[in-house]
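Counting in this note's numbering, the final residue of the sequence shown is number 1658, and the numbers go up one at a time with none missing. All residues carry an ideal CB built from backbone N, CA and C; glycine is no exception.
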Amino acid sequence: MIRSDNHVHSRFSTDSEASMEEIIRQAKQKQLISVCFTDHMDYDFPKEYDKRETDEPPFVFDPKTYFHATEELQKTFPDFNIRTGVELGLKKEVLKKALKLTESYPFDFVIGSTHLVDNIDPYYPEFWEANGEEQGILRYYESTLENIKAGFDYDVYGHIDYILRYCPAVKAALKGKHPLDDFYTRTMSKYAEILREILSLLIKNGKGIEINTAGFKYGLGHPNPHETLISYYKELGGELISIGSDAHTPGHLGCDFQKIPRLLNATGFSYYTEFHGRKPVQVSLAEL
1371 MIRSDNHVHS RFSTDSEASM EEIIRQAKQK QLISVCFTDH MDYDFPKEYD
1421 KRETDEPPFV FDPKTYFHAT EELQKTFPDF NIRTGVELGL KKEVLKKALK
1471 LTESYPFDFV IGSTHLVDNI DPYYPEFWEA NGEEQGILRY YESTLENIKA
1521 GFDYDVYGHI DYILRYCPAV KAALKGKHPL DDFYTRTMSK YAEILREILS
1571 LLIKNGKGIE INTAGFKYGL GHPNPHETLI SYYKELGGEL ISIGSDAHTP
1621 GHLGCDFQKI PRLLNATGFS YYTEFHGRKP VQVSLAEL
């Protein structure tokens, strides 16, 4: 089993109420040996999506407080490897802020993610009402490609097919408990050209991708990205692949990690990647 969760959220993220200490205690119970906190830093996230009754901007945290919290936590759990990361929400308007953050603080790991497309979160129906399904998916991938070309500083790109979690066809299939295999086959084929362009550019830039197991939690039957994209990445020469649950509660730590070694082998990988001080460390599956 994978013993390190490399995409974990705590109450430093607007959409989580979990304390870091709760998370570490749960991680130890689940026999994990390492966690990397990657709380959300989505600069200029639209306030209308924030349901909290506060004037504080959503999806940002104070880095100094963040690092102090992880340092104190490491003292409490000296036998557990606690790493400090961040999940950056990427859009070209926040490039300067994002670069200043990663230049100023010694993160172990930085995930770059597309959460907004034209400043709208695909989680919400208005995105699909404005774009339609086919154009909405394409626009998401176009936005991802724009973000990659913009010059952000990150180590891996998060949940590259995040858009598929929320598209109407998937929601309808999940509601009716229909299998999604035909949908994925059609989608991977329809957008293969731009997906390969995205992956090729990531590889050229020395960036990795993640296997985000939250797709299983959402009932998709697959991680994000789908195995097809993981295979594309490997075929194109990609070598950096991190594993994370995207947990926002302690109970979701290490979600479905038992499925990952077989999936990695099936897509051509015999290892996965952890980041320490922004440096990749390959972990052989044979050592697990």
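Comparing alpha-carbon positions, which option in GLN1396, THR1384, LEU1460 lies nearest THR1424? As a first step, residue 1424 must be located in the sequence shown, where it is residue number 54. If we check each option's Cα against that of THR1424, THR1384 comes out closest.
Nearest to PRO1416 by CA position, among ALA1388, ILE1490, ILE1600, ILE1393, is which residue? Start at 1 with the first residue of the sequence shown, and residue 1416 comes out as number 46. Answer by Cα proximity: ILE1490.
Kindly list the residues whose CB is nearer than 6 Å to the CB of ARG1535, restricted to its own chain and excluding five residues on each side of it in sequence; keep chain order. Here residue 1535 is taken as the residue at index 165 of the sequence shown, counted from 1. Closer than 6 Å at the Cβ level, and outside the excluded window around ARG1535, lie TYR1588.
How is PHE1407 classed by DSSP in three states: helix, strand or coil? As a working mapping, residue 1407 is identified with position 37 in the sequence shown. Residue state, collapsed to three classes: strand.
I'd like the ranges of any alpha helix (DSSP H) spanning at least 4 consecutive residues and lying wholly in the region 1418-1495. 1433-1446, 1465-1474
Taking the alpha carbon of VAL1526 as the reference point, which residue from ALA1584, PRO1538, TYR1603, TYR1493 has its own alpha carbon closest? For the purposes of this step, residue 1526 is identified with residue 156 of the sequence shown, where counting begins at 1. Looking at the Cα atoms, TYR1603 is the closest of the given residues.
Please report how far the alpha carbon of ASN1376 lies from the alpha carbon of ALA1539, in whole angstroms. As a working mapping, residue 1376 is identified with position 6 in the sequence shown. As a working mapping, residue 1539 is identified with position 169 in the sequence shown. So the two alpha carbons sit approximately 30 Å from each other.
Taking the alpha-carbon positions, what's the THR1435 to GLU1442 distance? Here the question's residue 1435 lines up with position 65 in the sequence shown. Here the question's residue 1442 lines up with position 72 in the sequence shown. Whole-angstrom Cα-Cα distance: 11 Å.
Neighbour-count burial assignment, PRO1476, 16 or more Cβ in a 10 Å radius: Your numbering for residue 1476 matches position 106 in the sequence shown. Exposed: under 16 other Cβ atoms inside 10 Å.
The beta strand (DSSP E) with THR1643 in it runs from where to where? On the sequence shown, residue 1643 is found 273 positions in, with the first residue counted as 1. Its beta strand (DSSP E) spans residues 1641-1646.
Which listed residue (LEU1599, GLY1614, SER1615) has its alpha carbon closest to that of GLY1608: Here residue 1608 corresponds to residue number 238 of the sequence shown, with the count starting at 1. The option with the nearest alpha carbon to GLY1608 is LEU1599.
Since SER1389 and SER1380 are thought to touch, with beta carbons under 8 Å apart, how far apart are those beta carbons, to the nearest angstrom? Reading the sequence shown from its first residue, position 19 is the one you call residue 1389. Reading the sequence shown from its first residue, position 10 is the one you call residue 1380. About 7 Å; that satisfies the 8 Å criterion.
Same chain only: Cβ atoms within 6 Å of ILE1372, ignoring 5 sequence neighbours per side: Taking the first residue of the sequence shown as 1, we reach residue 1372 at position 2. Result list for ILE1372: ILE1613, PHE1627, ILE1630, in chain order.
Based on Cα-Cα distance, which residue from LYS1461, THR1454, GLU1597 lies nearest to THR1514? Residue mapping note: residue 1514 aligns to position 144 of the sequence shown, counting from 1. Closest option to THR1514, Cα to Cα, is LYS1461.
Using a threshold of 8 Å, state whether the C-beta atoms of GLY1459 and PHE1429 are closer than that. Taking the first residue of the sequence shown as position 1, residue 1459 is located at position 89. Taking the first residue of the sequence shown as position 1, residue 1429 is located at position 59. A contact, by the Cβ cut-off of 8 Å.
Measure the Cβ-Cβ separation of GLN1444 and LEU1623 and say whether it is below 8 Å. Numbered from 1 along the sequence shown, position 74 holds the residue referred to as residue 1444. Numbered from 1 along the sequence shown, position 253 holds the residue referred to as residue 1623. It is not a contact, given that the beta carbons lie outside the stated cut-off.
Identify the continuous alpha helix (DSSP H) that holds ASP1552 and give its terminal residues. For the purposes of this step, residue 1552 is taken as residue 182 along the sequence shown, with counting starting at 1. Residues 1551-1560.
For LYS1560 and GLU1504, what's the separation of their Cα atoms in angstroms? Translated into the one-based positions of the sequence shown, residue 1560 becomes position 190. Translated into the one-based positions of the sequence shown, residue 1504 becomes position 134. C-alpha separation (whole angstroms): 9 Å.
Would you give the residue range spanned by the alpha helix (DSSP H) that GLN1505 belongs to? Stepping through the sequence shown from its first residue, residue 1505 is reached at position 135. Where GLN1505 is concerned, the enclosing alpha helix (DSSP H) stretches over 1503-1520.
Any 3 or more C-beta pairs closer than 8 Å across the region 1399-1419 and the region 1461-1473: yes
Same chain, Cβ closer than 6 Å to GLU1387, five either side skipped, listed in chain order: Locating residue 1387 in the sequence shown gives position 17, counting from the first residue. These residues qualify, in order along the chain: ARG1381.
Using only the alpha-carbon positions, how far apart do ASP1449 and LEU1402 sit? Residue 1449 sits at position 79 when you count from the first residue of the sequence shown. Residue 1402 sits at position 32 when you count from the first residue of the sequence shown. Going from the Cα of ASP1449 to the Cα of LEU1402 covers about 12 Å.
Buried or exposed for THR1446, please, with buried defined as at least 16 other CB atoms from any protein chain shown within 10 angstroms of its CB. The residue labelled residue 1446 in the question sits at position 76 within the sequence shown. Result: exposed.
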